[in-house]
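Numbering (the working numbering), first residue to last: 6 to 350. C-beta: ideal position from N, C-alpha, C; glycine also. Heads up, the thing below is written out as structure tokens.
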Amino acid sequence: MTVSLEQLRRCHIAVDLGAARTRVFVKGAGLVVDEPSAAAVNTRTGALIAVGQFAEQMTGRTPDYIRVVRPVSGGTVVDIEMAQRMLRHLLGEKLRRALRRKPRLRAAACTPHDADPLAQRAAVETMVGLGARRVELVDTLIAAAVGCGLPVERPEATMILVCGAATTQVAVLSLGSIVTAQRIPVGGEAIDHAIVQHLRHQHELMLPSQSVRPLQLALSGNGLTPHGPESTEIHGRDVATGLARSVQVDTAAVRNAIHTPLTAVLDGIGKVLRDCPPDLVADLADRGIMMVGGSALLPGLDQMLRDATGMPVHIAERPDVCAVLGLGAMLEGKIQPLVLDPLSG
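In structure tokens:
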């Protein structure tokens, strides 16, 4: 691990700043924040109008002088000041006062695999803005593996696929460390974009940005898996006339549109398996792949991976919050390192 469990046990707060959602775990209180990573700003005055869910609902519905910004992109903080302001408002005054009473506040934060020094520095600066005196950075892959109950500390191979909004990370873990890993710049947003483009080109229909996720959920019962109905009705705006219109969409065609960006994910999994020692690959044939992250719930994705790899594929019980719950488990000392008895010579 990038940081020792002993250091993590001294931390008071754990933060998972994702491109789609921000989650905060406080030692002794559990998961206290799980909100979209969005903030609405008045561009004339610089005042913060809303954060989280309310700001997300404003997307595409604001006048010119109100802008909805996302301070995190691809798991990396791109606007440190806005990320600090958003976190402060999400935590609330009462919780901030409780944290301020701690004389030496320590924080832990998730960082994507192979995050460059600039991205790591941005994560640290964001936590320092909350009053943290010391910040420990933990690889998202290890935090997520701990959070979904994989035996990370054992000398056995475990494969994890973290399906985020902007990126997908895949890794093989053994003995508490990453053996081999890949970060693929394809996530839930790329899949959303593929659906929007398909509807625009095939049906000349523009879909509202906030309708893409409900559409996927609607399709999940209607045929994104091969067993559902062949078509479903979608409402949107006509590209030519600008008027509201409904069309019957072939679910098989939507499924094919989704598969296109996912081929990059399959390539990434193949590369990780090729770089992995044969003994560990043999372990994976029985254990398979564990999927975590918000996009892991995309209907049909697990079956597609099963068909492509021939390996068992499991979805974690609460895939969207695995990383922050894993960090929280480390903070509260629930994870014990593998202790080897010294060999007596």
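*Would you identify the three-state DSSP class for alanine 131, choosing helix, strand or coil?*
Correcting the residue type first, residue 131 is threonine in the shown sequence and not alanine. It is helical.
_Whole angstroms are fine: how far does the CA of leucine 135 sit from the CA of glutamine 89?_
Rounded to whole angstroms, glutamine 89 to leucine 135 spans 7 angstroms at the Cα level.
*Using a threshold of 8 angstroms, state whether the C-beta atoms of valine 74 and methionine 87 are closer than that.*
Yes.
*asked:* Buried or exposed, going by whether 16 or more other CB atoms sit within 10 Å of the CB of serine 9?
replied: Result: exposed.
*Could you tell me the boundaries of the alpha helix (DSSP H) in which glutamate 98 lies?*
Element bounds for glutamate 98: 85 to 105.
*Straight-line gap, proline 324 to glycine 193 (C-alpha atoms, nearest Å)*: C-alpha separation (whole angstroms): 14 angstroms.
_Limits of the beta strand (DSSP E) - the one that alanine 44 falls within_ = Note, alanine 44: beta strand (DSSP E), 44 to 47.
*Taking the C-alpha atoms as reference points, what is the distance between threonine 314 and isoleucine 320?*
Going from the Cα of threonine 314 to the Cα of isoleucine 320 covers about 15 angstroms.
_Residue range of the beta strand (DSSP E) that includes threonine 145_ = Per DSSP, threonine 145 lies in no beta strand (DSSP E); the unbroken alpha helix (DSSP H) holding it starts and ends at 145 to 152.
*Anyone know if the C-beta pair for alanine 366 and valine 83 falls short of 8 angstroms?*
Nothing can be reported for residue 366, as the shown portion of the chain is limited to 6 through 350.
*Do alanine 24 and alanine 170 come within 8 angstroms of each other at the CB atom, strictly closer than that value?*
Yes, the pair counts as a contact, with Cβ atoms nearer than the cut-off.
*Compute the distance between the beta-carbons of arginine 188 and histidine 118, then report whether it is under 8 angstroms.*
Less than 8 angstroms separates the beta-carbon of arginine 188 from that of histidine 118.
*Opening and closing residue of the alpha helix (DSSP H) in which leucine 22 lies*: Note, leucine 22: premise wrong, no alpha helix (DSSP H); beta strand (DSSP E) at 18 to 22.
*Do the stretch 32 to 41 and the stretch 329 to 337 make contact, defined as three or more Cβ pairs closer than 8 angstroms?*
Using a Cβ-Cβ distance cut-off of 8 angstroms, the stretch 32 to 41 and the stretch 329 to 337 are in contact, since at least three pairs of beta carbons, one from each stretch, lie closer than that value.
_CA nearest to the CA of leucine 2, picked from Gln308, Ala257 and Pro282_ = The structure shown does not extend to residue 2, since the chain is modelled only from 6 through 350, so no value can be given for it.
*Identify the residues that DSSP records as bridge partners of histidine 319: which are they?*
Answer is Met295, bridged to histidine 319.
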